[in-house]
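Using my numbering, you'd call the opening residue of the sequence shown number 7 and step up by one each time.
Just below is one structure, and these are the notes that go with it.
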Amino acid sequence: MNTPALHICLVSDTFAPHVNGVACTLLNLSEGLRLRGHHVRIVRPRQPGEQASGHNPGVRLWRDWPLLGYPGLQRDKVSLRTLARHWRRQRPDVIYIATEGPLGLSALRTARRLGIAVVSGLHTHVAHLSGQHGMGVVGRLLSLYLRWFHRRAVLTLVPSLSQRRWLERRGFERLVHMPHGVDAELFNPARRSQALREHWGLGHDDIAVLHVGRLAPEKNLGLLQSCFEALQRAMPQRRVRLILVGDGPLRGKLQQQVPGAVLCGVQRGEQLAEHYASSDLFLFPSLIETFGRVVLEAMASGLAVVAYDQATAAQHIGHGHNGALAMPGDAAAFIDAACWLLQDSETLRRVRLNARQHASHQGWSKIVDQFEAHLLSASQSVHARQATSIQPMPPL
């Protein structure tokens, strides 16, 4: 079936070169849509040093100021009038709003006033995340705001089945499950580098335990440290080293508390893929992810993954087959699962091969196909509604 070329606008507070799940997902989706002949424009905050016009005609930048606690991200000062003028001049068929901050809210209000179809994405478990910081009341208010926000979209895309169930129990409507993919050519066991392992101080038979992600309190890094220490005790005859890829406010604390840990900072592209492939075991102790793209990246790189039985891990890992799972919140079971994987070299080898085989079939192409179909459906439904009624869309 030939899909008509759409004029699509993607709105997000974060986009490449940021290194996070939302930014990486949007980059893959936008590239896939362009390859299919669609006209894609990005609306995002302007980063420090960027000019308002930018260097890419497909990107619209807005004034901004830093987001507290996340200096790489920016808040947005968006004029509704300016946004409306921009979209009247270059009217999109459909708008995808990936984040619910000031920029996303401005985009939602403007799109509804202009009668443009909106599809939203819920990538961050904001209410749960707020609860992690002792802001129970704020968390409840955020949950109410998110429900209000996403009810105003034609449909809302969520990356995991567990997240969809969580949202449905809280009154969210018109939810569609759309998982994420992985670039299995980039993330590949063939990128394993003995030179990099030697740089880490590891020989052929030593164990590199990897974590990729923001070094922040919400990532449950206390369990990461406890698990690593348990692995060292369980494997006294082999050198076990913790490899941390990423940055964040806990970097200094981890450097002090985990002597010998290798802190690699933020890695991108082929360098990131090489870090994955050169490791042996991947620990993912986070409890607040809606998807967790790093799990699929690790599996595609041929790593044995230990994670809680939720989000990406629940969708892609069969316990004992291509990884190891623990019930959410059961720290002892998480540690036991990691130790079990390293007890027998043949078990570890089999699990790693199965992980790679599974992830190699989770490419982005079929995900972009789904995304394209959802955008087209939303655009057509709004156009059909407008053709049969002269009533304007209800105000926010």
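Beta carbons are placed, not taken as given, at the ideal position from N, Cα and C, and that holds for glycine.
This structure is a prediction, so every number in the text was calculated from the model and none was measured.
Let me confirm a value: residue i is counted as buried when at least 16 other C-beta atoms fall within 10 Å, else exposed. Which label applies?
i, result
"T394", "exposed"
"Q368", "buried"
"A390", "exposed"
"V143", "exposed"
"H327", "exposed"
"R87", "exposed"
"N8", "exposed"
"D336", "exposed"
"P291", "buried"
"A344", "buried"
"Q96", "exposed"
"A313", "buried"
"A319", "buried"
Within the same chain, show all residues whose beta-carbon is closer than 8 Å to that of residue i, passing over the 5 residues directly before and after it, in chain order.
i, result
"F155", "E106, G110, L111, L114 and S126"
"N26", "T20 and R220"
"Q316", "S166, S168, L293, E295 and P334"
"Q321", "S166, L167 and P185"
"R249", "The sequence given here has Ile at residue 249, not Arg. Around I249: W206, A214, V215, L216, H217, A267, V268, C270, H281 and S285."
"G209", "R203 and R245"
In chain order, what residues of the same chain have a beta carbon less than 6 Å from the beta carbon of residue i, not counting five sequence neighbours either side?
i, result
"A238", "What sits at residue 238 in the sequence shown is Gln, not Ala. Cβ neighbours of Q238 beyond the five flanking positions: V246."
"R50", "S18 and F21"
"F288", "L216, A304, L309 and V311"
"A279", "L192, F193 and R197"
"S199", "E280 and S284"
Between residue i and residue j, what straight-line distance do the alpha-carbon atoms span, to the nearest angstrom?
i, j, result
"V311", "R42", "34 Å"
"Q80", "H24", "Low confidence applies to Q80: its pLDDT is 43, below 50, so where it sits in the model is not reliable, and the reading given next is rough at best. Distance between the alpha carbons of Q80 and H24: 11 Å."
"R146", "A159", "21 Å"
"R203", "Q273", "16 Å"
"V46", "S232", "45 Å"
"G329", "D211", "20 Å"
"W93", "P185", "29 Å"
"Q349", "F234", "14 Å"
"K6", "A222", "Any question about residue 6 goes unanswered here, given that the chain covers just 7 to 402."
"S383", "G207", "53 Å"
"H325", "R119", "49 Å"
"Q392", "V124", "14 Å"
"G228", "A29", "26 Å"
"I14", "A379", "13 Å"
"K83", "P108", "Low confidence applies here, because K83 scores a pLDDT of 49, under 50, leaving its location unreliable; read the following figure in that light. Approximately 7 Å between the Cα atoms of the pair."
Using a threshold of 7 Å, state whether the C-beta atoms of residue i and residue j are closer than that.
i, j, result
"A214", "M305", "no"
"S307", "D99", "no"
"N226", "L148", "no"
"L32", "A104", "yes"
"L128", "V182", "no"
"F297", "S166", "yes"
"Y102", "L16", "yes"
"W370", "N34", "yes"
"V357", "V300", "no"
"D253", "G271", "yes"
"I341", "A201", "no"
Just to confirm my understanding: we take residue i, look at its own chain, exclude 5 residues before and 5 after, and list those with CB closer than 7 Å. What are they?
i, result
"A365", "V188, A190, L302, M305 and A306"
"A11", "G43, H44 and H45"
"T116", "L86, L89, A90 and W93"
"A339", "A332 and M333"
Item to complete: Evaluate contact between the region 185-200 and the region 250-264, counting only Cβ atoms and requiring at least three cross-stretch pairs below 8 Å.
Response: Under the Cβ criterion (8 Å, minimum of three pairs), the region 185-200 does not count as touching the region 250-264.
Worksheet item: Using 8 Å as the Cβ pair cut-off and three pairs as the minimum, do the region 348-361 and the region 163-176 touch?
Response: Inter-segment contact for the region 348-361 and the region 163-176 is absent: fewer than three beta-carbon pairs are separated by less than 8 Å.
Worksheet entry | Stretch-stretch touch, CB-based, cutoff 8 Å, three pairs: the region 33-48 with the region 370-381 | Short answer: they touch.
Discussion item. Check whether the region 177-184 and the region 240-257 touch, using three or more Cβ-Cβ pairs below 8 Å as the test.
Written reply: Below 8 Å, too few C-beta pairs join the region 177-184 and the region 240-257 to call them touching: fewer than three.
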